[in-house]
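Trainee: In this note's numbering, the protein residues as written are 232 to 312.
Handing you this structure, nothing more for now.
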């Protein structure tokens, strides 16, 4: 089942980054990266299959809504899967 993000809280933060956000959804266990727009999270922890805690990176312009810019990347499934 592919990962699904259902919420990100808080939904915005300062351009300087450093905001801890909680990403809630399903199928999050296999996350290998968390991205906000095109930037990698400063750090992240997979808490469970339903939750990741991440720290936002510095941005280039003012507050940016996180909910629409959060991307999770997962490894490709093994051949034959």
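C-beta atoms are modelled at their ideal positions from N, C-alpha and C, and glycine is treated no differently.
(1) For the segment 239–303, list the beta strand (DSSP E) runs that are entirely contained and at least 3 residues long, ordered along the chain.
(2) If you count every other CB in all the chains shown that lies within 10 Å of the CB of residue 287, and 16 or more means buried, which is it?
(3) How about residue 255 and residue 241: do their beta carbons lie closer than 8 Å?
(4) Taking the alpha-carbon positions, what's the residue 267 to residue 275 distance?
Mentor: Quick look at the numbers:
(1) 251–257, 264–267, 274–279 and 282–286
(2) buried
(3) no
(4) 12 Å
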